Amino acid sequence: MGIDADKTFIIEEAAIFLPEQRMITTLNKEKKLILYNTASRCLLTLIENSGQLVTHQQLYHAGWEYHGRNASPNTLYQTISEIRKSLQQVGLENIITTQPRSGWIINKNITIVETNEKDAAALFTSAKKPTQPFWKGITRKIFSR
């Protein structure tokens, strides 16, 4: 269950998840968040099974057991909470839905595109940046003589 170094996921054309680097970032690189190893592996498992139920056992295996560790239910729930908070910080809300006593699912209407890191880098450079700060146009008229 090693992570493919070239795997990169574009989520809702708003954020990029780089599993190898454990990073979630906005498309324009304004925000970069580094996840814990277990959270990154759990998010990768959810993304790879997008639109399908991911059980508690699948996440225990991906996040901990495969790497020779054990986790309590509380640890799993905290990890899912951390993933949700990280997604919210990059502008993605309501991505993961809880299925009571079963597991979690990434909503079917969420667009996730798998690409490689090189293609994602091209997106970073093509993301629109303002040519001048927003306040330049406003203050020029106020302070010009």
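Under this note's numbering, the sequence shown has 65 at position 52, and the numbering climbs by one with no breaks. Ideal Cβ placement from N, Cα and C applies to all residues, glycine included. Since the structure is predicted, the reported quantities are computational estimates derived from the model, not experimental observations.
In the structure shown, Q112 adopts extended strand secondary structure according to DSSP, grouped into three states. I29 and H69 have their C-alpha atoms some 25 angstroms from each other.
A75 places its beta carbon less than 7 angstroms from that of T58. Taking all protein chains in view, the Cβ of S99 is crowded by 16 or more other Cβ atoms within 10 Å, so the residue is classified as buried. A residue is called buried once 16 or more other Cβ atoms fall within 10 Å of its Cβ, and I47, having fewer, is exposed.
Rounded to whole angstroms, the Cβ separation of W117 and T110 is 7 angstroms, and the two are in contact under 8 angstroms. Of the candidates K121, I60 and Q65, I60 places its Cα closest to the Cα of T128.
Counting the other Cβ atoms within 10 Å of the Cβ of L66 gives fewer than 16, which makes it exposed. The shortest CA-to-CA distance from K45 to any of S63, Q34 and Y79 is the one to Q34. With respect to the 7 angstroms criterion, G104 and A27 are classified as neighbours on the basis of their beta carbons.
With respect to G64, K20 sits apart: the two C-beta atoms are not nearer than 7 angstroms.
Around the Cβ of R82, a 10 Å sphere holds fewer than 16 other Cβ atoms; the residue is exposed. For T58, the uninterrupted alpha helix (DSSP H) run begins and ends at N50 to E61, by DSSP. A distance of 7 angstroms or more separates the beta carbons of L31 and C55.
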